[in-house]
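Engineer:
Numbering (my numbering), first residue to last: 953 to 1034.
(1) In angstroms with no decimal places, state the Cα-to-Cα distance between residue 992 and residue 1015.
(2) Would you give the residue range spanned by the beta strand (DSSP E) that residue 962 belongs to?
(3) Within 8 Å, do at least three Cβ pairs link the stretch 1001 to 1013 to the stretch 983 to 990?
(4) Distance check for residue 971 and residue 955, CA to CA, integer angstroms please.
(5) Classify residue 984 as helix, strand or coil using the three-state DSSP reduction.
Okay, here's the thing in C-alpha coordinates:
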(Lines of atoms letter the chains of each structure in order from A and count residues from 1; the text may use other names and numbers.)
(Lines give C-alpha, C1' and ligand atoms only; values in the text may rest on other atoms or scores of the structure.)
Protein backbone atom coordinates (compact mmCIF):
# COMPACT_ATOMS: atom_id res chain seq x y z
CA UNK A 1 0.00 0.00 0.00
CA UNK A 2 1.12 3.52 -0.74
CA UNK A 3 -0.30 6.30 1.42
CA UNK A 4 2.17 9.20 1.37
CA UNK A 5 5.47 10.51 0.24
CA UNK A 6 7.67 13.30 1.47
CA UNK A 7 11.00 14.85 0.68
CA UNK A 8 13.52 13.76 3.30
CA UNK A 9 15.26 16.67 4.98
CA UNK A 10 17.14 14.55 7.52
CA UNK A 11 17.89 10.83 7.76
CA UNK A 12 19.22 9.16 10.91
CA UNK A 13 20.63 5.65 10.83
CA UNK A 14 20.93 4.07 14.26
CA UNK A 15 18.76 6.72 15.94
CA UNK A 16 15.04 7.35 16.21
CA UNK A 17 13.07 9.54 18.58
CA UNK A 18 10.39 6.83 18.57
CA UNK A 19 11.03 3.89 20.89
CA UNK A 20 11.46 0.58 19.11
CA UNK A 21 12.83 2.01 15.86
CA UNK A 22 16.51 2.10 14.88
CA UNK A 23 16.26 4.66 12.08
CA UNK A 24 14.26 7.80 11.35
CA UNK A 25 13.61 10.33 8.62
CA UNK A 26 12.03 13.77 8.79
CA UNK A 27 10.59 16.03 6.15
CA UNK A 28 7.91 18.62 5.57
CA UNK A 29 7.14 18.78 1.85
CA UNK A 30 5.05 15.92 0.51
CA UNK A 31 1.70 14.44 -0.47
CA UNK A 32 -0.81 12.49 1.62
CA UNK A 33 -3.41 10.32 -0.10
CA UNK A 34 -7.04 10.40 0.96
CA UNK A 35 -7.02 6.60 0.82
CA UNK A 36 -4.03 4.23 0.53
CA UNK A 37 -3.49 2.78 -2.96
CA UNK A 38 -2.83 -0.95 -3.30
CA UNK A 39 0.27 -1.46 -5.47
CA UNK A 40 0.72 -5.17 -4.73
CA UNK A 41 0.24 -6.21 -8.35
CA UNK A 42 2.21 -3.38 -9.94
CA UNK A 43 5.17 -4.58 -12.02
CA UNK A 44 7.44 -1.77 -10.77
CA UNK A 45 6.97 -2.91 -7.14
CA UNK A 46 9.20 -5.93 -7.78
CA UNK A 47 11.89 -3.56 -9.12
CA UNK A 48 11.50 -1.36 -6.04
CA UNK A 49 11.86 -4.31 -3.68
CA UNK A 50 14.93 -5.53 -5.57
CA UNK A 51 16.55 -2.07 -5.58
CA UNK A 52 15.97 -1.63 -1.85
CA UNK A 53 16.62 -5.28 -0.84
CA UNK A 54 12.98 -5.33 0.27
CA UNK A 55 13.80 -2.43 2.62
CA UNK A 56 16.02 -4.51 4.94
CA UNK A 57 19.08 -2.28 4.44
CA UNK A 58 17.38 0.74 5.91
CA UNK A 59 17.02 3.86 3.79
CA UNK A 60 17.69 3.64 0.08
CA UNK A 61 17.92 6.28 -2.61
CA UNK A 62 15.45 5.53 -5.40
CA UNK A 63 16.72 6.64 -8.78
CA UNK A 64 14.84 4.32 -11.14
CA UNK A 65 12.94 6.42 -13.68
CA UNK A 66 10.31 3.68 -13.96
CA UNK A 67 9.60 3.56 -10.22
CA UNK A 68 9.58 7.35 -9.83
CA UNK A 69 7.25 7.91 -12.79
CA UNK A 70 4.77 5.30 -11.56
CA UNK A 71 4.73 6.74 -8.04
CA UNK A 72 4.33 10.27 -9.44
CA UNK A 73 1.28 9.15 -11.42
CA UNK A 74 -0.34 7.69 -8.30
CA UNK A 75 0.21 10.88 -6.31
CA UNK A 76 -0.75 13.22 -9.14
CA UNK A 77 -4.06 11.44 -9.67
CA UNK A 78 -5.09 10.61 -6.11
CA UNK A 79 -3.15 12.86 -3.77
CA UNK A 80 -3.32 16.29 -2.27
CA UNK A 81 -0.69 18.57 -0.84
CA UNK A 82 -1.23 19.44 2.82
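Glycine included, each C-beta is placed from N, C-alpha and C at the ideal position.
Structural biologist: A quick look at the data gives this:
(1) 20 Å
(2) For residue 962, the enclosing beta strand (DSSP E) covers residues 962 to 965.
(3) no
(4) 23 Å
(5) strand
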